[in-house]
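A.B. asks:
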Amino acid sequence: VSIKKGDFELKIKGLVQADVRTYLDDYNPANTSETATTNRNGLYSNDTVTFRRIRPTFEGTFGKLVGFRLTPEFAGNGSGDAASIVDAYIDLKFSPAATLRAGKVKGPVGLERLQSGGAITFIERGFPTELAPNRDLGIQLQGELFSSTVNYTLGYYNGTADGRDVAATDSDNRKEIGARLFLEPFKNDPSFFQGLGFGIGSSFGTKDQGAFNAGSANNFLPRIRTPGQLQVFSYTSAATAATATAAGSTGVYADGDHTRLSPQLYFYRNSFGLLSEYITSEQELSQGFVAVGAGSTPSATTTQKLKNEAWQVAVSYVLTGEDASFRGVTKVNQPFTIGGPGWGAFEVAARYGKLEIDDDSFDPVTEGGVTFARYANPVSQISEAEAWTLGVNWYLTSNLKAVLNYTQVKFEGGGGGTAAAPDDREDEKTVFGRLQLSF
Amino acid sequence: VSIKKGDFELKIKGLVQADVRTYLDDYNPANTSETATTNRNGLYSNDTVTFRRIRPTFEGTFGKLVGFRLTPEFAGNGSGDAASIVDAYIDLKFSPAATLRAGKVKGPVGLERLQSGGAITFIERGFPTELAPNRDLGIQLQGELFSSTVNYTLGYYNGTADGRDVAATDSDNRKEIGARLFLEPFKNDPSFFQGLGFGIGSSFGTKDQGAFNAGSANNFLPRIRTPGQLQVFSYTSAATAATATAAGSTGVYADGDHTRLSPQLYFYRNSFGLLSEYITSEQELSQGFVAVGAGSTPSATTTQKLKNEAWQVAVSYVLTGEDASFRGVTKVNQPFTIGGPGWGAFEVAARYGKLEIDDDSFDPVTEGGVTFARYANPVSQISEAEAWTLGVNWYLTSNLKAVLNYTQVKFEGGGGGTAAAPDDREDEKTVFGRLQLSF
Amino acid sequence: VSIKKGDFELKIKGLVQADVRTYLDDYNPANTSETATTNRNGLYSNDTVTFRRIRPTFEGTFGKLVGFRLTPEFAGNGSGDAASIVDAYIDLKFSPAATLRAGKVKGPVGLERLQSGGAITFIERGFPTELAPNRDLGIQLQGELFSSTVNYTLGYYNGTADGRDVAATDSDNRKEIGARLFLEPFKNDPSFFQGLGFGIGSSFGTKDQGAFNAGSANNFLPRIRTPGQLQVFSYTSAATAATATAAGSTGVYADGDHTRLSPQLYFYRNSFGLLSEYITSEQELSQGFVAVGAGSTPSATTTQKLKNEAWQVAVSYVLTGEDASFRGVTKVNQPFTIGGPGWGAFEVAARYGKLEIDDDSFDPVTEGGVTFARYANPVSQISEAEAWTLGVNWYLTSNLKAVLNYTQVKFEGGGGGTAAAPDDREDEKTVFGRLQLSF
């Protein structure tokens with residue numbers, strides 16, 4: 323709804339997602355307790371009812387030039403239950419071709435990442451989003467050119483870890499540049515390819531955590547999650563490595579260039595939708611040693627560029643004939659009504675995606691006679707994951723959506739065993755349900 | 323106030339409570355400092371001005387079917403100062419007899435618990451609320467039958483500790499069922515008993531914290547507070563028990579069925595109000611031992627069902643003739659006006675309540691030659707509390723209320739001494755004042 | 323914007339400040355890492371883009387008598403990213419000469435402190451604000467007398483540390499009284515001195531942290547920051563003092579009277595503005611010793627009254643002819659327009675300020691043969707700071723403001739060396755930019 327006064331217009335919007343999460347086959351009968359957070363080779367999670375997003379939005383415009391958006395988050399997905407801010411920016415709209423936006427925004431790299439949290443086809447985004455920047459703080463120039471067929475973003479940001487939000491203030495002195503070019507060449511032409519869009523998103527920056535505070539802050543290192551929202555990969559931390567070695571490890575820290583590149587594509591035609599993206603994230607990481615025991619002579623710090631990659635293909639089809647789009651099914655022909663004929667719109671969808679961690683991450687290193695994982699421990703961290711998801715979306719009205727997803731993820735590594743021969747983590751099988759209200 | 327656009331209506335409401343809390347006779351002259359948080363047998367608290375509730379509410383409806391409510395809390399009653407969410411749900415109103423509600427709601431057990439925080443007669447709710455579930459995450463079916471004379475709720479929840487809000491995600495894999503039936507048989511009949519309502523609320527579930535993470539999470543164990551908001555009872559934690567024993571204790575953890583039952587009643591007739599409820603909360607708890615010193619051979623874990631109970635009776639009378647109700651005095655005949663004759667409405671109220679902890683909680687146990695409290699320590703935790711409160715409510719207008727309460731609580735145990743002969747905690751005497759704005 | 327319903331009016335306002343902070347000459351080439359938070363004698367800080375304030379405001383009135391204001395903060399300036407409440411109060415407006423305000427309000431001492439965060443001339447307030455109370459919880463009577471030429475405030479508060487917000491509940495049992503008298507004798511008389519205002523703000527209270535919990539809570543001790551938002555002074559904490567001494571220190575704690583006094587003045591004439599204030603904060607502090615090693619016999623606790631002071635003078639001039647005021651430039655003659663002649667309003671400003679810590683803070687004390695700083699360590703804490711700032715404000719429209727500030731701060735002490743001959747902390751040179759939206 324909107325409130326106007328003179329040339330000022332304030333819009334109040336909202337997005338609420340209440341989720342039910344069920345993890346199948348995740349109980350290990352050998353374990354007498356059912357509440358272990360880690361057993362069965364790392365796979366266990368409590369079934370739960372939870373809020374995924376509770377986001378009122380305040381959007382406003384002052385005449386043609388100035389606009390803003392404020393979106394707090396009350397679902398407390400981060401640590402604890404506390405509210406925080408997700409989107410907050412000020413716009414200076416010089417022309418449709420050039421808007422200057424300052425504040426907290428989504429980094430311009432991942433395609434599904436840039437899709438609104440209320441419009442995504444599945445309950446959780448896929449693997450490519452885990453390698454793309456999430457919200458970052460910065461200033462960006464964006465706009466549409468050539469009758470809206472070309473869309474560009476060019477920005478300067480604090481720089482954030484893969485798949486994560488930026489901290490309230492920058493954790494290093496270095497910055498990141500992000501850019502995205504997206505084309506919809508047939509947008510204004512009612513042909514078969516009218517709903518085709520493709521482009522490339524990228525970021526380049528330097529991240530420098532510094533050796534001596536490497537253990538304390540890992541704001542720049544990713545902690546990769548599955549679509550079931552369980553963390554399956556992180557780099558070695560200082561505490562982990564220091565145990566049982568004569569010389570302790572500083573843990574892994576960001577120490578140099580970080581480059582992301584993501585070719586991306588979508589195609590919508592009537593009820594059919596296709597979304598696909600590929601992403602690589604290449605980052606220079608260092609790991610050093612510190613003397614622990616008497617007489618220990620730590621080796622030199624090593625720096626390496628590691629490259630993780632992910633891709634996905636998702637298709638969807640609206641059974642009841644409504645149009646599919648990057649914004650979801652926005653218009654429902656026959657909304658659900660009590661005692662009436664309407665049942666809303668139904669959509670089916672399927673997705674396949676893959677994540678590959680750089681193999682060099684798992685190279686062992688020997689220090690003071692003890693061998694351990696230099697960048698990541700193959701016993702506890704996965705090296706590869708493949709996920710497929712089947713979903714049904716029921717749009718009762720254009721404001722209310724019910725979603726049901728089945729997802730299965732197959733892993734390599736991370737399931738115990740030895741560093742030389744790690745076991746695979748058990749398959750993750752989840753049934754997630756969602757009731758979503760948006761206005 | 324409400325904003326409409328088409329069949330969407332958004333309502334903005336608010337509740338602000340600024341409290342002044344004074345604790346009488348709580349200074350121990352033998353202690354040279356006046357800021358001890360524990361002295362005089364556990365009783366000491368700083369006098370303070372504080373916010374109890376700062377709750378804007380966004381409520382909306384989309385046509386007849388869909389509704390929602392979002393209430394953040396900015397008073398930061400939890401740890402720290404941070405905002406959180408108290409109510410957040412989506413409604414599907416199939417008919418007055420059947421509404422499906424999903425999200426964060428009050429568990430359907432305690433009568434005073436279900437009364438709105440702005441409508442309660444006294445500044446703080448009584449002992450029964452400390453044994454009832456507070457907000458829980460889940461899905462419930464609710465409705466009114468037989469011309470609104472029968473009100474029912476049936477729900478499926480994550481399950482929460484007595485007197486506490488649920489965590490953002492479930493802390494175990496087990497769930498809880500809650501149900502409430504409330505009758506107002508003479509509601510539509512203008513007789514003496516028109517304002518009579520009675521019913522029963524109940525919950526049944528299993529809670530399973532697991533032995534090996536018992537010490538870390540006590541999300542399922544109550545920490546019971548007085549009307550003066552001081553904690554007077556909690557179960558033994560791992561850290562407490564482990565000191566000075568050859569075999570340490572895992573601390574107490576939830577480990578089995580948890581059943582609550584609460585018969586309840588209210589009666590409003592003109593200016594007179596009566597509210598009474600009784601509640602029992604029965605929960606299976608376990609406590610085990612872990613080897614600490616060399617050669618210690620821990621005994622087996624013991625599990626026991628412990629039953630706590632509480633009840634209260636509260637009466638109120640509006641001196642200025644307005645009607646009393648479960649929603650408070652909602653209409654003030656002569657609002658307070660500057661230079662005018664109106665002085666608002668005045669209400670007097672009194673309450674008596676009692677809390678009893680299961681005596682078996684305090685059974686001692688001997689392990690490795692050391693005797694200590696198995697479930698709760700009678701030296702520091704009370705076993706019984708009796709409270710009476712006198713109150714005056716001044717409704718200046720229907721939006722502004724000033725409240726003054728005197729409460730005195732008498733305890734058994736928890737005041738030092740020895741486990742065999744614990745001293746009683748000193749009486750708690752409090753004068754609380756409140757200025758409340760609601761709209 | 324405002325929404326009305328009957329005699330209830332709700333206003334929604336907002337303030338967003340996105341800042342870019344650059345620290346010049348803060349890199350020490352001798353240090354191989356660029357992310358040190360302390361090097362170059364204490365001076366180092368990461369350049370960053372950050373939000374300074376994200377504050378929606380809900381303000382309402384019910385008829386003539388009752389009003390309220392709620393302002394949450396979403397910028398997460400405190401620890402972490404969490405939302406909190408900044409302003410929250412209920413007003414009872416008996417007459418223009420007497421309004422009773424209860425809740426969380428700014429303490430009535432500092433002049434620039436009382437200026438709205440969206441109206442201040444520079445990006446950060448000056449040194450006097452670091453010695454004045456920030457938001458406090460309490461009840462105050464305020465009003466305007468003699469045709470608004472006299473403005474008074476008299477309040478009773480929990481009491482807060484210099485430059486800081488109060489905690490959610492009081493940390494001691496003692497309270498604070500605050501009062502302010504401000505005169506604008508020529509306000510209603512269009513003479514040269516029409517825009518002259520002067521007065522005095524003051525607070526008096528007792529703060530009592532208690533010796534035995536002195537180390538845990540320092541809610542009552544200031545941590546003084548520069549205009550560059552770096553902390554340059556704090557009193558000795560328990561942990562610091564205990565190292566390397568046979569008898570440890572309890573750390574410094576508030577232990578007695580705390581008095582603030584601040585004469586203040588402003589003068590606005592057409593485009594010219596002048597704001598000046600002086601403040602002293604005098605507080606009784608204690609520091610004691612606790613036995614650490616065997617045979618250590620701690621000396622007695624010492625208590626001392628320490629007096630810190632600060633002052634500043636700021637001048638500003640609007641180049642484009644608009645009127646300056648305590649509320650900033652509120653009306654822009656020719657707002658910035660795309661393709662139009664308007665460029666907005668431009669203002670230049672300069673400020674000089676000084677902070678002096680009581681010299682007695684740095685007196686050494688010898689305990690168990692070890693000499694250390696009793697109240698503050700001159701090696702790490704500054705004893706004096708002088709700051710000058712040059713600023714440009716560009717009011718594009720009356721809602722949108724861009725600010726650029728250069729600030730240089732010169733310190734005494736706090737830059738390493740020895741307690742007998744401490745080095746000076748390096749000059750702080752900052753370029754801060756801000757984009758501010760307010761409505």
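Chains as they are written, first to last, in my numbering: chain Y, 323 to 761; chain D, 323 to 761; chain B, 323 to 761.
Backbone N, C-alpha and C define an ideal beta-carbon position, used for all residues, glycine too.
In the DSSP output, what is N473 of chain B paired with across the bridge?
C.D. replies: The residue given as residue 473 of chain B occupies position 151 in the third sequence. Answer is B:E466 and B:F504, bridged to N473 of chain B.
A.B. asks: Got a sec? Which residues, its chain only, sit under 8 Å from E452 of chain D by beta carbon, not counting five neighbours each side?
C.D. replies: The residue you call residue 452 of chain D lines up with position 130 of the second sequence. Correct list, in chain order: D484, G485, P544, I546, R547, A632 and L677.
A.B. asks: For a contact meaning CB atoms closer than 9 Å, what does L387 of chain B contact in chain A?
C.D. replies: Absence of chain A from the displayed structure is noted, the protein chains being Y, D and B.
A.B. asks: Does G713 of chain D come within less than 8 Å of chain Y when only Cβ atoms are used?
C.D. replies: Within the second sequence, numbered from 1, the residue matching residue 713 of chain D stands at position 391. Taking 8 Å as the threshold, the shortest C-beta distance from G713 of chain D to chain Y does not fall below it.
A.B. asks: Under 8 Å Cβ-Cβ, which residues of chain B neighbour V382 of chain Y?
C.D. replies: For the purposes of this step, residue 382 of chain Y is taken as residue 60 along the first sequence, with counting starting at 1. At residue 382 of chain Y the sequence reads Gly, which differs from the Val that was named. Here the neighbours are G336 and F761.
A.B. asks: Identify, in the order they occur along the chain, each residue of the same chain with its Cβ nearer than 7 Å to the Cβ of D749 of chain B, setting aside the five sequence neighbours on each side.
C.D. replies: In the third sequence, counting from the first residue as 1, residue 749 of chain B sits at position 427. Hits under 7 Å: Q730, V731 and K732.
A.B. asks: Out of curiosity, what's the CA-to-CA distance linking R343 of chain Y and Q703 of chain Y?
C.D. replies: Your numbering for residue 343 of chain Y matches position 21 in the first sequence. Your numbering for residue 703 of chain Y matches position 381 in the first sequence. Approximately 23 Å, taken between the alpha carbons.
A.B. asks: If you draw a straight line from the alpha carbon of S638 of chain D to that of R423 of chain B, how long is it in whole angstroms?
C.D. replies: On the second sequence, residue 638 of chain D is found 316 positions in, with the first residue counted as 1. On the third sequence, residue 423 of chain B is found 101 positions in, with the first residue counted as 1. Approximately 29 Å between the Cα atoms of the pair.
A.B. asks: What did DSSP end up calling D682 of chain Y once you bin it into helix, strand or coil?
C.D. replies: Position 360 of the first sequence, counted from the start, is the residue given in the question as residue 682 of chain Y. D682 of chain Y: helix per DSSP, three-state reduction.
A.B. asks: Please confirm whether I325 of chain Y has its beta-carbon closer than 8 Å to some beta-carbon of chain B.
C.D. replies: Indexing the first sequence from 1 puts residue 325 of chain Y at position 3. So yes, I325 of chain Y belongs to the interface.
A.B. asks: Under 8 Å, with one C-beta from each stretch per pair, do the region 370-383 of chain Y and the region 498-506 of chain D reach the 3-pair mark?
C.D. replies: no
A.B. asks: With L332 of chain B and I325 of chain D assumed to form a contact (beta carbons below 8 Å), what rounded beta-carbon distance in angstroms separates them?
C.D. replies: One-based indexing of the third sequence puts residue 332 of chain B at position 10. One-based indexing of the second sequence puts residue 325 of chain D at position 3. Not confirmed; about 10 Å, so no contact.
A.B. asks: Taking 8 Å as the cut-off, decide whether the C-beta atoms of F390 of chain Y and V338 of chain B are in contact.
C.D. replies: For this step, residue 390 of chain Y is matched to residue 68 along the first sequence. For this step, residue 338 of chain B is matched to residue 16 along the third sequence. Yes. Within cutoff.
A.B. asks: Using the C-alpha atoms, what's the distance from V753 of chain Y back to V687 of chain D?
C.D. replies: Taking the second sequence and counting its residues from 1, the one referred to as residue 687 of chain D is at position 365. Taking the first sequence and counting its residues from 1, the one referred to as residue 753 of chain Y is at position 431. Between V687 of chain D and V753 of chain Y, the C-alpha separation is close to 45 Å.
A.B. asks: If we ignore side chains and look at the alpha-carbon of each, how far apart do L712 of chain Y and Y728 of chain Y end up?
C.D. replies: Indexing the first sequence from 1 puts residue 712 of chain Y at position 390. Indexing the first sequence from 1 puts residue 728 of chain Y at position 406. For L712 of chain Y and Y728 of chain Y, the distance between alpha carbons rounds to 5 Å.
A.B. asks: For V408 of chain B, go through chain Y and note every residue whose CB falls closer than 7 Å to its CB, in chain order.
C.D. replies: Walking along the third sequence from the start, residue 408 of chain B turns up at place 86. Near V408 of chain B there are no residues of chain Y at all, since even the closest Cβ is about 14 Å away, more than 7 Å.
A.B. asks: Considering only residues of the same chain and omitting the five flanking positions on each side of Y479 of chain Y, which have a CB-CB separation below 7 Å?
C.D. replies: Taking the first sequence and counting its residues from 1, the one referred to as residue 479 of chain Y is at position 157. Hits under 7 Å: G429, D458, L459, G460, K497, E498 and G500.
A.B. asks: From N353 of chain Y to D682 of chain D, what distance separates their C-alpha atoms?
C.D. replies: As a position in the first sequence, residue 353 of chain Y is number 31, starting the count at 1. As a position in the second sequence, residue 682 of chain D is number 360, starting the count at 1. Because N353 of chain Y sits at a pLDDT of 45, beneath the cut-off of 50, its placement in the model cannot be relied upon, and the following sentence gives the value as read from the coordinates. N353 of chain Y and D682 of chain D have their C-alpha atoms some 30 Å from each other.
A.B. asks: I believe Q626 of chain Y touches L607 of chain Y by the beta-carbon criterion, under 8 Å. Please report the beta-carbon distance rounded to the nearest angstrom.
C.D. replies: Residue mapping note: residue 626 of chain Y aligns to position 304 of the first sequence, counting from 1. Residue mapping note: residue 607 of chain Y aligns to position 285 of the first sequence, counting from 1. Right, the Cβ-Cβ distance comes to about 6 Å (below 8 Å), so this counts as a contact.
A.B. asks: For T451 of chain D, which three-state DSSP category applies?
C.D. replies: Taking the first residue of the second sequence as position 1, residue 451 of chain D is located at position 129. Of the three classes helix, strand and coil, the one that applies to T451 of chain D here is helix, per DSSP.
A.B. asks: Can you name the start and end residues of the beta strand (DSSP E) that R756 of chain D belongs to?
C.D. replies: In the second sequence, residue 756 of chain D corresponds to position 434, counting from 1. Taken as a continuous stretch (DSSP letters only), the beta strand (DSSP E) holding R756 of chain D covers E750 to S760.
A.B. asks: Taking three-plus beta-carbon pairs below 8 Å as touching, is the region 461-475 of chain B in contact with the region 407-421 of chain B?
C.D. replies: yes
A.B. asks: Closer than 9 Å by beta-carbon distance: list the chain D residues that pair up with P378 of chain Y, in chain order.
C.D. replies: Start at 1 with the first residue of the first sequence, and residue 378 of chain Y comes out as number 56. Taking a Cβ-Cβ threshold of 9 Å, the residues of chain D close to P378 of chain Y are F380, L392 and P394, in chain order.
A.B. asks: Give me the chain D residues within the contact set of L597 of chain Y, using Cβ-Cβ distance strictly less than 7 Å, ordered along the chain.
C.D. replies: Taking the first residue of the first sequence as position 1, residue 597 of chain Y is located at position 275. Chain D residues near L597 of chain Y: none, gap ~27 Å exceeds 7 Å.
A.B. asks: Over what stretch of residues does the alpha helix (DSSP H) that includes E631 of chain Y continue unbroken?
C.D. replies: Taking the first sequence and counting its residues from 1, the one referred to as residue 631 of chain Y is at position 309. Taken as a continuous stretch (DSSP letters only), E631 of chain Y belongs to no alpha helix (DSSP H), being part of the beta strand (DSSP E) at T624 to V640.
A.B. asks: In terms of residue numbering, what span does the beta strand (DSSP E) encompassing R547 of chain B cover?
C.D. replies: Taking the first residue of the third sequence as 1, we reach residue 547 of chain B at position 225. Here the beta strand (DSSP E) through R547 of chain B covers R545 to R547.
A.B. asks: For L757 of chain B, decide whether its Cβ has a neighbour in chain D, counting only Cβ atoms nearer than 8 Å.
C.D. replies: Numbered from 1 along the third sequence, position 435 holds the residue referred to as residue 757 of chain B. Not one chain D Cβ lies under 8 Å of L757 of chain B.
A.B. asks: Enumerate in chain order the residues of its own chain whose CB-to-CB distance from D494 of chain B is below 7 Å, with the five nearest sequence positions on each side excluded.
C.D. replies: On the third sequence, position 172 is the one that residue 494 of chain B refers to. Only K529, D530 and Q531 meet the Cβ criterion.
A.B. asks: State the DSSP-derived secondary structure class of E644 of chain B, mapped to helix, strand or coil.
C.D. replies: Taking the third sequence and counting its residues from 1, one reaches residue 644 of chain B at position 322. Of the three classes helix, strand and coil, the one that applies to E644 of chain B here is coil, per DSSP.
A.B. asks: Measure the Cβ-Cβ separation of Y588 of chain B and F648 of chain B and say whether it is below 8 Å.
C.D. replies: Start at 1 with the first residue of the third sequence, and residue 588 of chain B comes out as number 266. Start at 1 with the first residue of the third sequence, and residue 648 of chain B comes out as number 326. For Y588 of chain B and F648 of chain B, yes; Cβs fall inside 8 Å.
A.B. asks: Could you please give me the residues that DSSP links to Q339 of chain B through a beta bridge?
C.D. replies: Counting from one through the third sequence, the residue named residue 339 of chain B turns up at place 17. B:R375 and B:Q758.
A.B. asks: Do you know how far the Cα of F444 of chain D is from the Cα of G595 of chain D?
C.D. replies: Looking up residue 595 of chain D in the second sequence gives position 273. Looking up residue 444 of chain D in the second sequence gives position 122. Whole-angstrom Cα-Cα distance: 13 Å.
A.B. asks: I'd like the ranges of any beta strand (DSSP E) spanning at least 3 consecutive residues and lying wholly in the region 705-754 of chain D.
C.D. replies: 722-739 and 744-746
A.B. asks: Can you find a C-beta in chain B that's less than 8 Å from the C-beta of A441 of chain D?
C.D. replies: Taking the second sequence and counting its residues from 1, one reaches residue 441 of chain D at position 119. For A441 of chain D, the answer is no, since every Cβ of chain B falls outside 8 Å of its Cβ.
A.B. asks: By Cβ distance, which residues of its chain are closer than 7 Å to E434 of chain B, with the 5 residues on each side in sequence left out?
C.D. replies: The residue labelled residue 434 of chain B in the question sits at position 112 within the third sequence. I442, R447, G448, P450, T451, L597 and E599.
A.B. asks: Please say whether A695 of chain B and T558 of chain B have beta carbons closer to each other than 8 Å?
C.D. replies: Stepping through the third sequence from its first residue, residue 558 of chain B is reached at position 236. Stepping through the third sequence from its first residue, residue 695 of chain B is reached at position 373. Between T558 of chain B and A695 of chain B, the C-beta gap is smaller than 8 Å, which places the two residues in contact.
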